[in-house]
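Under this note's numbering, the first residue of the sequence shown is numbered 84, with each subsequent residue one higher. We treat Cβ as the ideally placed atom computed from N, Cα and C, and that holds for glycine.
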Amino acid sequence: MDPAGRSAIVYWSALEWGPLRVAWHAATVHEPGAGPRHVSSLAEAPEPDVRDGAIRWRSKAIACEVLATPTLPAIEAELLPGRTRGDG
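This is the structure we're talking about:
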């Protein structure tokens with residue numbers, strides 16, 4: 084939440100199976116006195132950059148830029164065991 088009372092939930096994900104890849108990202112922004120605003124895209128977007136205790140991420144497709152300091156660890160899960168990105 085920022086000093087103006089706005090808050091956001093932002094997602095970035097990528098599903099890969101062999102040579103196929105589907106990326107999805109979305110944002111929901113809540114502003115005081117207004118309903119939530121939702122935007123999403125299947126366009127390619129870079130993975131979030133995590134370093135020095137902060138998360139930086141930008142999507143031109145949904146006009147979203149994030150600079151945040153997380154209070155909880157990230158969630159990452161392999162849905163089906165097997166090959167990973169680095170396995171070629």
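Between the segment 114–121 and the segment 98–105, the count of Cβ pairs shorter than 8 Å is below three; the stretches do not touch. Selection P164, E161 and A87 evaluated against E114 yields A87 as nearest (Cα-Cα). The C-alpha of A146 is placed about 35 Å away from the C-alpha of G165.
For the pair W95 and A110, the Cα-to-Cα distance works out to about 9 Å. Under the three-state reduction of DSSP, D85 is assigned to coil, being neither helix nor strand.
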